[in-house]
Every structure is written in structure tokens, then in C-alpha cells.
Amino acid sequence: MNHHFGFKLKIGFPIAVLCCAGSFLFCVSPQDKNEENPVLDKPNPNPFSLGNSKFKNGSYSEAIEFYSRDLDVNPDNPSSLNNRGLAKSKAGDETG
1 MNHHFGFKLK IGFPIAVLCC AGSFLFCVSP QDKNEENPVL DKPNPNPFSL
51 GNSKFKNGSY SEAIEFYSRD LDVNPDNPSS LNNRGLAKSK AGDETG
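When the letters of the sequence shown are read in order and numbered with UniProt numbering, they come out as residues 1 to 96.
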């Protein structure tokens with residue numbers, strides 16, 4: 001009587017797995033998909049945030065440029081001054 005149970009289990013389980021996987025893919029938001037560089041996805045990211053993003057990626061010369069742009073607008077921003085100095089150090093610029 002229960003000889004059909006094995007057949008249903010063999011077919012039903014893969015179908016259930018596929019349905020769950022498909023549902024998961026539809027639930028993932030675009031923000032979750034692009035965690036690598038969320039700052040660059042914003043419409044108008046500020047130079048400080050762009051500098052941080054470039055610094056994290058190891059693009060120190062680009063980070064220096066963005067921190068300098070932020071300092072043009074916010075000359076007393078200690079975070080931009082500090083981070084620009086760190087980026088210069090990482091880039092090999094020992095003169096500061």
C-alpha cells in the first residue's frame with residue numbers, strides 16, 4: 001500500500017527545495033545583492049563617503065582626492081584630515 005510513498009518523496013522533496021530557493025531569490029533586495037560598494041549606489045554620495053569606499057578598496061590615490069574634495073567644502077573636518085593622512089601614508093606619501 002505504501003509503495004507510492006517513496007516515489008512521492010523522491011519527486012516532492014526536490015520540488016519543495018526548488019520552490020524555497022526560488023522564493024528566496026525573489027525576497028533578496030537590490031541592496032543585499034550589492035553589498036560590495038553600497039556608497040556608490042546612492043544618487044549623490046558625499047566625497048567623504050566616497051573616500052572611505054575607495055580607501056577600503058585600496059584605491060588610496062582616489063581616496064585622497066575625495067577626502068581633499070570634502071576638505072574644500074568642510075575644511076575643519078577632522079575625519080577627512082585624518083583619513084586623507086592615512087591614505088597618503090598607505091600610498092607611500094611620507095610628506096603628508
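Where is the CB? At the ideal position from N, CA and C, for every residue including glycine.
This structure is a prediction, so every number in the text was calculated from the model and none was measured.
Which same chain residues end up closer than 8 Å to N46 when comparing Cβ atoms and leaving out the 5 residues on each side of it in sequence? D70
Close Cβ partners of Y60 (< 6 Å) along its chain, the five nearest in sequence each way excluded: A87, K90, A91
Does the distance from the CB of N83 to the CB of F55 come in under 8 Å? yes
Where the alpha helix (DSSP H) containing N46 begins and where it ends: Segment: none, N46 is in no alpha helix (DSSP H) and carries neither H nor E.
Residues near S68 in its chain [Cβ-Cβ closer than 7 Å; skip 5 each side]: R84
Alpha-carbon to alpha-carbon, S49 and G58: 14 Å
Who are the Cβ neighbours of E62 in its own chain at under 6 Å, not counting the five residues just before and after it? K54
What three-state label does DSSP hand D93 in the structure shown? The three-state reading of DSSP puts D93 in coil, since its state is none of H, G, I, E or B.
Assign G85 to one of three DSSP states: helix, strand, or coil. helix
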